[in-house]
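In terms of my numbering, the sequence shown has 70 at position 41, counting the first letter as 1, and numbering is strictly consecutive.
We treat Cβ as the ideally placed atom computed from N, Cα and C, and that holds for glycine.
Beneath this line is the structure, given in structure tokens, with notes to follow.
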Amino acid sequence: MFCRSVLAVAGACALIACSSTPPDEKKQPERAGIQQSENGFTLTEQTQVSGETRAEYDNAVHLLQEKQYEQGIASLQKVTQSAPGLVAPYIDLGIAYRESGALDKAEASLKRAIELNPRHPIAYNELGMVYRHKGQFAVARANYEKALALVPELHFARLNLAILCDLYLADLTCALDNYQAYQQAVPDDKQAAMWIADLRTRNGR
């Protein structure tokens, strides 16, 4: 029996940065600003929010980090009510709902994030995870691939796609290619090296 960990993005899912000027509503959404660190990725979203909304969001993120999902969801809902145009709270809601087992709500929240910014790679990665949990494997794959099309270096989505192809789609070529790409990004992951060796044995490569 093979065990693979399906990963969300480590570190901050999104960081709300206050701006001195309101965003241009007519401007087309850009790919979310992404920065890689030792702990994962940070997605930045620049917008104008009140101090109260920022504090509520920071509190919600802290609650989610402590796995207090019910309280975190309540705080995030307040943020979406006061600042409905922000992407980050909907992504965090999607994660919190998924962790709580509310997959339909998770799906709806992440789809709302994508409506607000169709070029947000984390939203697609997280939506892929939701669909994997719902057993909709082809749709999960499509979402992981969308995330990687936007940010090829997003190795969390790369590993999630490899796991999906390996354990759920029986697409060994897809699995091996993506495990190898993940290993190039995270060469110290010894478990991934074991998975690659195992897959090569099963795939005759």
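- Scanning its chain for C-beta atoms nearer than 6 Å, with the 5 sequence neighbours on each side dropped, one finds around residue 105 the residues 89, 118, 121, 122, in chain order.
- In the structure shown, residue 130 adopts coil according to DSSP, grouped into three states.
- Look at residue 189 here: in three-state DSSP terms it is helix.
- Burial is judged here by how many other beta carbons sit within 10 angstroms of a residue's own beta carbon; residue 220 has fewer than 16 and is exposed.
- For residue 171, the closest of 184, 188, 153 by C-alpha to C-alpha distance is 153.
- Inter-residue distance for residue 168 and residue 139 is about 14 Å (C-alpha atoms, whole angstroms).
- For the set 223, 94, 116, the Cα lying nearest the Cα of residue 142 is the one of 116.
- CA-CA distance, residue 228 to residue 144, rounds to 37 Å.
- When the Cα atoms are used, residue 111 and residue 91 turn out to be separated by approximately 19 Å.
- Within the same chain, and ignoring the five residues on either side of residue 125 in sequence, the residues whose Cβ sits closer than 6 Å to its Cβ are 93, 98, 101, 102.
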